[in-house]
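Heads up, the thing below is written out as structure tokens.
Numbering (this note's numbering), first residue to last: 9 to 691.
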């Protein structure tokens, strides 16, 4: 059995009925601050924790309910969960028995329902309507909520129904006791909660794991185990009596002095003589135990001397041990928990990435054995990158409403979608996982764009941080795989974000009539139409993505050049500082840029080109200069840009340029990138 679906109405940030679907095992909730993640965990707590406070505050109601609705009827919070049969669950399992009175569907897979309602009793509804009708303000919603809080909230009651909520079948007090709901909030006091031996929880854990070798010995039956443990307890009591007798002998003289005062105040009138006696049980010594850490040197320190991250891991492990204890039928009999749920806020707190990965592996293994279902909220790309897409639930705020998206469900069963899903899961590293947290996205082909776009944005006075923009390098033209996650036109569970894809034109040519396609420079296009066939772009992505919804997707590519670097030099062909240390032919290129203003005619430009060693590129450029009808400055721009493109190793030059351009240099941001950034930031 597992919690398959949660429905929330008018609870905190959730207004109208919102359904959240879960999977068996681990569920990871991600989204912005105040995006509803904690609210989902709190909703689960209200349903499944018998010890939680069911009395809510006015702030727990969704504050966006319209005034007209508030005047018509009292606001109500409703939370409902559907529990469903697990895939490999046995027939007539303990799970089925525990929810037998909750069933709303008996066919396989069976389904059960539990509903929490927080509402004003019907007896007060007429008074509510009459009172709210007389509230004077017509537009200030805050006034209405204050009136509800002051006059009616104290009369609100909470009810938990099982089965079809229309039948109003109240849950019995014992039903929830089979559920073990543990909520680890983001703020945890590990010393207070579990590290002191005097703490009840730790004492219970110690008692459960005491003599664990006997309790788990499959060769012994139940009575044999009881007898073996009883022998050990008896032996402990005998050994302890030696200690008690030792204390008694040490107290012999002191006891006489104490009792002398007792006699003097007259307590022996009734012939009652006080004395000291005692026995010591093993359970009474648990409070003497404290969790410590032992160093390699043998020095022992209190666990509270650990760092916060390490203690968080200890805390989690001890809590899971407690949950194992609470689910043991042999230990607790009919009081044992049947279904354990762990709700966990920000497990990454105080943990460096490797420890986050280890914790996630630990939880994943634990969910197969002890804890039945785990719900995690996180802001960590490290954790997000290590879970399957099917485990992710993304919350997005749109116009004061929370949209629920499921990255794993946007892919259908087609071969293309299956391959896309596998690709994303394979390459979803920490950097790419950031796409689930950002509000707006820029996908780029390579390292150069990834490094230089933040500098371009700064030059344009556009704050990537303020606009919640992340730049994701997909290492090639793999945009289509990722775009499926955000295309709400093709999937209603996709993530609604504005997305820019920055990609290269990469023109090609082939010799007529039957040549092979090969790369070419932008300046070559249609230069030799009789001998070659040309295509302005070889980039199929531009064609495949051209029909995307223009409100959410923007495909940016060069206007004149063939690549990012080519276009960058076209628009900055007079700036020699773009020629960095690792550029080949840097002296000749720098000289050409510095002389560009002096180039007045074809001969001047040919003179600059002929300074370079003879090569295929030089021949192409000479042909371009001789035969193109473009003006001389346009030709100079393309000569510099193409020579620059042929002279660089992209990654190294991009790193050098990032350093150079960040030094407050004056340059032009490529216009196609400028327009894309402005579109992305447009409200």
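No residue lacks a Cβ here, since even glycine has one placed at the ideal position from N, Cα and C.
If you're wondering where the values come from, they're calculated on a predicted model, not measured in any experiment.
Beta-carbon separation of residue 19 and residue 90 under 8 Å?
Residue numbering aside, residue 19 sits at position 11 when the chain shown is read from its first letter. Residue numbering aside, residue 90 sits at position 82 when the chain shown is read from its first letter. Not in contact: residue 19 and residue 90 (Cβ atoms no closer than 8 Å).
Of the listed residues 162, 123, 220, 520, nearest to residue 177 (C-alpha basis):
As a first step, residue 177 is located in the chain shown; it is residue number 169 there, counting from the start. Among 162, 123, 220, 520, the Cα nearest to that of residue 177 is on 123.
Assign residue 82 to one of three DSSP states: helix, strand, or coil.
Reading the chain shown from its first residue, position 74 is the one you call residue 82. Residue state, collapsed to three classes: coil.
If we count Cβ pairs, one from each stretch, closer than 8 Å, do we get three or more for the segment 44 to 58 versus the segment 102 to 109?
no
Sequence-distant residues of its chain with Cβ nearer than 7 Å to residue 691 (five each side left out)
Here residue 691 is taken as the residue at index 683 of the chain shown, counted from 1. Here the set comprises nothing.
Taking only the alpha-carbon atoms, compute the straight-line gap between residue 237 and residue 377 and give it to the nearest angstrom.
Locating residue 237 in the chain shown gives position 229, where the first residue counts as 1. Locating residue 377 in the chain shown gives position 369, where the first residue counts as 1. C-alpha separation (whole angstroms): 26 Å.
Please classify residue 129 as buried or exposed, where buried requires at least 16 neighbouring CB atoms within 10 angstroms.
On the chain shown, residue 129 is found 121 positions in, with the first residue counted as 1. So residue 129 ends up on the exposed side.
Tell me which same chain residues have a C-beta within less than 8 Å of the C-beta of residue 30, skipping the five on either side of it?
As a working note, residue 30 is residue 22 in the chain shown. These residues qualify, in order along the chain: 10, 11, 12, 13, 14, 381, 383, 401.
Could you check if residue 473 is buried or exposed, using at least 16 other CB atoms within 10 Å of its CB as the buried criterion?
Within the chain shown, numbered from 1, the residue matching residue 473 stands at position 465. With fewer than 16 Cβ atoms within 10 Å of its Cβ, residue 473 is classed as exposed.
For residue 168 versus residue 179, is the C-beta spacing smaller than 8 Å?
On the chain shown, position 160 is the one that residue 168 refers to. On the chain shown, position 171 is the one that residue 179 refers to. Taking 8 Å as the Cβ cut-off, residue 168 and residue 179 qualify as a contacting pair.
Pairs of beta-carbons, one from the segment 593 to 607 and one from the segment 659 to 670, closer than 8 Å: are there three or more?
no
Check whether the segment 427 to 445 touches the segment 524 to 538, counting contact only when three or more Cβ pairs, one atom from each stretch, lie closer than 8 Å.
no
Given this structure, state the Cα-to-Cα distance separating residue 470 from residue 685, to the nearest angstrom.
For the purposes of this step, residue 470 is identified with residue 462 of the chain shown, where counting begins at 1. For the purposes of this step, residue 685 is identified with residue 677 of the chain shown, where counting begins at 1. Each residue's Cα considered, the two are about 8 Å apart.
Considering only the alpha carbon of each residue, which of 510, 481, 253, 163 lies closest to residue 683?
By 1-based counting over the chain shown, the position of residue 683 is 675. Closest by alpha carbon: 510.
Nearest neighbour of residue 80, chosen from 113, 255, 484, 142 [CA to CA]:
Here the question's residue 80 lines up with position 72 in the chain shown. Selected option, being the one with the closest Cα: 142.
How is the beta strand (DSSP E) around residue 449 delimited, first residue to last?
Here residue 449 corresponds to residue number 441 of the chain shown, with the count starting at 1. Per DSSP, residue 449 belongs to the beta strand (DSSP E) from 448 to 452.
Taking the C-alpha atoms as reference points, what is the distance between residue 623 and residue 653?
On the chain shown, position 615 is the one that residue 623 refers to. On the chain shown, position 645 is the one that residue 653 refers to. Distance between the alpha carbons of residue 623 and residue 653 is about 15 Å.
Quick one: what's got a C-beta closer than 6 Å to residue 656's C-beta in the same chain, skipping five residues either side?
If you number the chain shown from 1, residue 656 lands on position 648. Same-chain partners within the cutoff: 591.
Can you name, in chain order, every residue of its own chain whose Cβ lies under 6 Å from the Cβ of residue 32, other than the five neighbours on each side?
Looking up residue 32 in the chain shown gives position 24. Within the same chain, residue 32 has close Cβ partners 10, 94.
Report yes or no: do the segment 518 to 534 and the segment 621 to 640 share at least 3 C-beta pairs separated by less than 8 Å?
yes
In terms of DSSP beta bridges, what is residue 528 paired with?
Walking along the chain shown from the start, residue 528 turns up at place 520. Looking at the DSSP assignment, residue 528 forms no beta bridge with any residue, so it has no partner.
Nonlocal neighbours in the same chain, by C-beta distance under 8 Å from residue 328, ignoring five residues either side
Here residue 328 is taken as the residue at index 320 of the chain shown, counted from 1. Counting only Cβ-Cβ distances below 8 Å, and skipping sequence neighbours, we find 350, 374, 378, 379.
What did DSSP end up calling residue 709 once you bin it into helix, strand or coil?
Residue 709 is absent from the structure shown; the chain starts at 9 and stops at 691.
To the nearest angstrom, report how far apart residue 187 and residue 505 are at their CA atoms.
To locate residue 187, count along the chain shown from 1; it is residue 179. To locate residue 505, count along the chain shown from 1; it is residue 497. Cα-Cα distance, rounded: 38 Å.
Suppose you measure from the CA of residue 16 to the CA of residue 670; what does that come to, to the nearest Å?
Residue numbering aside, residue 16 sits at position 8 when the chain shown is read from its first letter. Residue numbering aside, residue 670 sits at position 662 when the chain shown is read from its first letter. About 49 Å.
Does the structure place the segment 642 to 652 close enough to the segment 579 to 598 that three or more beta carbon pairs sit under 8 Å?
yes
On the CB-based measure, 16 or more other CB atoms within 10 Å of its CB, does residue 404 come out buried or exposed?
Translated into the one-based positions of the chain shown, residue 404 becomes position 396. Flag for residue 404 reads buried.
Answer with buried or exposed for residue 410, where buried requires no fewer than 16 other C-beta atoms within 10 angstroms of its C-beta.
Within the chain shown, residue 410 is the residue found at index 402, counting from 1. Buried is the call here.
Three or more C-beta pairs below 8 Å linking the segment 330 to 339 and the segment 38 to 50:
no
Residue 551 classed as buried or exposed, judged by whether at least 16 other C-beta atoms fall within 10 angstroms
For this step, residue 551 is matched to residue 543 along the chain shown. That one is exposed.
For residue 475, which of 465, 513, 484, 481 has the nearest alpha-carbon?
Within the chain shown, numbered from 1, the residue matching residue 475 stands at position 467. Of the candidates 465, 513, 484, 481, the one whose C-alpha sits nearest the C-alpha of residue 475 is 465.
By a C-beta neighbour count over all protein chains shown, 10 Å radius and 16 as the cutoff for buried, is residue 257 buried or exposed?
Taking the chain shown and counting its residues from 1, one reaches residue 257 at position 249. Flag for residue 257 reads exposed.
Touch check for the segment 456 to 464 and the segment 484 to 497: three-plus C-beta pairs under 8 Å?
no
Enumerate, from N- to C-terminal direction, the unbroken alpha helix (DSSP H) stretches of 4 or more residues contained entirely within the segment 451 to 479.
455 to 467
Closest by C-alpha distance to residue 593, when choosing among 468, 609, 626:
On the chain shown, residue 593 is found 585 positions in, with the first residue counted as 1. The shortest C-alpha separation from residue 593 is found at 626.
Using 8 Å as the threshold, is the C-beta distance between residue 544 and residue 553 below it?
Position 536 of the chain shown, counting from 1, holds the residue named residue 544. Position 545 of the chain shown, counting from 1, holds the residue named residue 553. Cβ distance not < 8 Å, so residue 544 and residue 553 don't count as in contact.
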